[in-house]
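One rule links them: number in the numbering used here = place in the sequence shown (from 1) + 3.
By construction, the Cβ of each residue, glycine as well, lies at the ideal position given by its N, Cα and C atoms.
Inspection log for the structure reproduced underneath, given as structure tokens.
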Amino acid sequence: MLDTALENLIPAPLTLGNWLPSAILAGLAILFLVLRIPLARAILFGLLTRSRRHHPADYQAMRREMIGPLSFFLPMIFLTAACHQADFLPLAWHQLLVRVADSCLTALAIWLLFKTAMVVGVLIIRRGGPGHSPAGISAVSLLVSMIRFAILFIGVFIILSYWVTNVAGLVTGLGIGGLALTLAAQDTIGNFIGSLVILFDQPFKLGDWIACAEAQGEVEAIGIRSSRLRASSGALVSLPNKILAEAVVTNESSRIKRRIELTLSLPWQLGPRELSEFKTKLQAWLSEEERIFEPILIAVRDLTPQGIDLYLSCFTGPAYANMMEVRDAINQAVMDLADQMCFSLEISRPLRLAKADMLLSEDEKEA
4 MLDTALENLI
14 PAPLTLGNWL
24 PSAILAGLAI
34 LFLVLRIPLA
44 RAILFGLLTR
54 SRRHHPADYQ
64 AMRREMIGPL
74 SFFLPMIFLT
84 AACHQADFLP
94 LAWHQLLVRV
104 ADSCLTALAI
114 WLLFKTAMVV
124 GVLIIRRGGP
134 GHSPAGISAV
144 SLLVSMIRFA
154 ILFIGVFIIL
164 SYWVTNVAGL
174 VTGLGIGGLA
184 LTLAAQDTIG
194 NFIGSLVILF
204 DQPFKLGDWI
214 ACAEAQGEVE
224 AIGIRSSRLR
234 ASSGALVSLP
244 NKILAEAVVT
254 NESSRIKRRI
264 ELTLSLPWQL
274 GPRELSEFKT
284 KLQAWLSEEE
294 RIFEPILIAV
304 RDLTPQGIDL
314 YLSCFTGPAY
324 ANMMEVRDAI
334 NQAVMDLADQ
344 MCFSLEISRP
354 LRLAKADMLL
364 SEDEKEA
């Protein structure tokens, strides 16, 4: 055993054949290191030709992300090869040098793949076309984050395999610890799964106004743990994605139209002929208004002691502000028709007098 240890520490005899390949590869590594930026640009220029021609902005973004790791990855390939060829060194030093070189090359490869994951997101968004939704962008962003996490996770174990012999035992130990961590973080995992459901099923997107039992407001962000809504009061509401994914959500922004309902109380002074004329004129005005859609319904709902309840129903565009403008225009038209037909929408309420109020004293009668 002592002889074997001494052999590992004694270098092999230096000959031209055992050190020249390593020296050539090391020289190439130095040359590529000096020219790393122009070489990386030339490689990306060729690989991303389609993006460069048709999507110059995407090309610039991808080049900025990838040029750094790619410029160091190329010379590291030759340097690692040089370390593998350096068998003229003592065996122990040679093995250590190879492990360090392999670890550095793997780390650079992980860095390059980490940056390249952004290209996947760009390609998916580009395939969605110019009309892609903001929620789609969020979903792609989460997908890119998951790919990057997987790259880092696998890369760490690859690097550990260079230094640790029993990686399987290490993985088993981490698996037991991961199980305990999973049991302790059930809510966090549930919120993460909820975020996946929201982002890929897309019941709503950024900028939509949604309402559920817990809150309502405009969606400002869809995160991994929670989503944030801006309420009408201006307050920022954070809802766990687990709750939001299980809730019944009403997406107000996905309306294709809005219903307008009004109940008009008409006085009893209107006879059947005047009431029919009023309904006909109001129907004609609603039909001519471009912002009002079919079906239009005008009907007497109830006859009450206070007057005639006339029910009006129609539809307009999905925007809330537009609906309020149309509603205001309808009310103005009703007032104009009432003025044209010379009747008032004001309904006098009957005054009930108690018997004691009708019995006046002599002094009050003389007064």
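For Arg-228, there is no enclosing alpha helix (DSSP H), as DSSP gives it neither H nor E. For Glu-264, the enclosing beta strand (DSSP E) covers residues 261-269. Between the beta-carbon of Leu-242 and that of Ser-230 there is about 5 Å, and that keeps the pair under the 8 Å contact cut. Closest in C-alpha terms to Ala-234, from the list Glu-221, Arg-228, Ile-225, comes Glu-221. Beta-bridge partners assigned by DSSP to Ala-45: none are found. Going by DSSP, Leu-313 is part of the beta strand (DSSP E) stretching over 310-319. Around the C-beta of Ser-74, 16 or more other C-beta atoms lie within 10 Å, and the residue is accordingly described as buried. The secondary-structure analysis by DSSP pairs Ile-213 across a beta bridge with Gly-220, Asn-254. The Cβ-Cβ distance between Ala-32 and Phe-76 does not fall below 9 Å. Looking at the backbone, the Cα of Phe-318 and that of Leu-285 are separated by about 15 Å. At the C-beta level, Pro-321 and Ser-256 come within 9 Å of one another.
Looking at the DSSP output, Thr-307 shares a beta bridge with Gly-310. Apart from the 5 residues on each side of it in sequence, Asn-194 sits with its Cβ closer than 8 Å to the Cβ of Ile-227, Arg-228, Ser-229, Pro-243, Asn-244, Lys-245 in its chain, given in chain order. Going by DSSP, Pro-243 is part of the beta strand (DSSP E) stretching over 239-243. Fewer than three Cβ pairs drawn from the region 78-92 and the region 143-160 lie within less than 8 Å of each other, which leaves the two stretches out of contact.
Spanning the alpha carbons of Lys-208 and Arg-67 requires a straight line of approximately 29 Å.
Going by beta carbons, Ile-333 and Leu-289 fall inside the 9 Å limit.
In the DSSP assignment, the residues bridged to Phe-296 are Phe-318. Between the alpha carbons of Ser-144 and Val-123 lies a distance of about 10 Å. Short of 8 Å from the beta carbon of Trp-271, and not among the five residues preceding or following it, lie these beta carbons of its own chain, in chain order: Gly-310, Ile-311. Cβ neighbours of Ala-218 within its own chain (closer than 8 Å, five residues either side excluded): Leu-232, Ala-234, Val-240, Leu-242. In this structure, Tyr-314 sits near Glu-264, with a CB-CB distance shorter than 9 Å. Here Ala-302 carries a strand assignment [DSSP, helix/strand/coil].
Residues of the same chain with a CB within less than 6 Å of the CB of Glu-223, apart from the 5 flanking positions on each side, are Arg-231, Arg-233 in chain order. Looking from the CA of Pro-72, the closest CA among Arg-258, Thr-119, Met-327 belongs to Thr-119.
Shown here for Leu-247: same chain residues with a beta carbon closer than 6 Å to its own, the five before and five after excluded, namely Ser-230 in chain order.
Residue range 59-88 is occupied by the alpha helix (DSSP H) that includes Cys-86.
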